[in-house]
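What follows is a short report on a single structure.
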Amino acid sequence: MVKCGGSHPNSHFRFLFITLLPCFSLIAGMTDSAETRQARDRMVREQIKARGISQPQVLEAMQSVPRHPFVPQDLIDSAYKDHPLPIGEARRFRNLILWPS
């Protein structure tokens, strides 16, 4: 059994995220273009850092994990924008807002 470490409720999520980060990076390498990298840079600068988020691990994750492979083809232009995205059946994925701790 793999021990995730710590008793904090987020420790399992953190372990899983850190474990899967290289997989997301592989996806980014296969599907990333200069345009999507620029959109991600802009997202981190204008949405994440502008809200006061400065933790290096969070910034690195947001910078390196692509969003566009996980949205329908017709919504790729919206993948890095700061608004809800439709997820089917007339529902929308709400914005996840990061706040500094």
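Note that the sequence shown covers residues 509 to 609 in the working numbering. The C-beta atom is built at its ideal place from N, Cα and C for all residues, glycine as well.
Legend entry - Whole-number beta carbon distance between His-576 and Ala-587, since they are thought to touch under 8 angstroms: Locating residue 587 in the sequence shown gives position 79, where the first residue counts as 1. Locating residue 576 in the sequence shown gives position 68, where the first residue counts as 1. About 4 angstroms separates the two Cβ atoms, so the contact holds.
Legend entry - Backbone secondary structure at Ile-455 - three-state DSSP: As shown, the chain starts at 509 and ends at 609. That puts residue 455 outside it, with no answer to give.
Inset, instruction - Can you say whether Arg-548 is buried or exposed, counting buried as having 16 or more other CB atoms within 10 angstroms of its CB? - result: By 1-based counting over the sequence shown, the position of residue 548 is 40. Looking at its Cβ environment, which holds 16 or more other Cβ atoms inside 10 Å, Arg-548 is buried.
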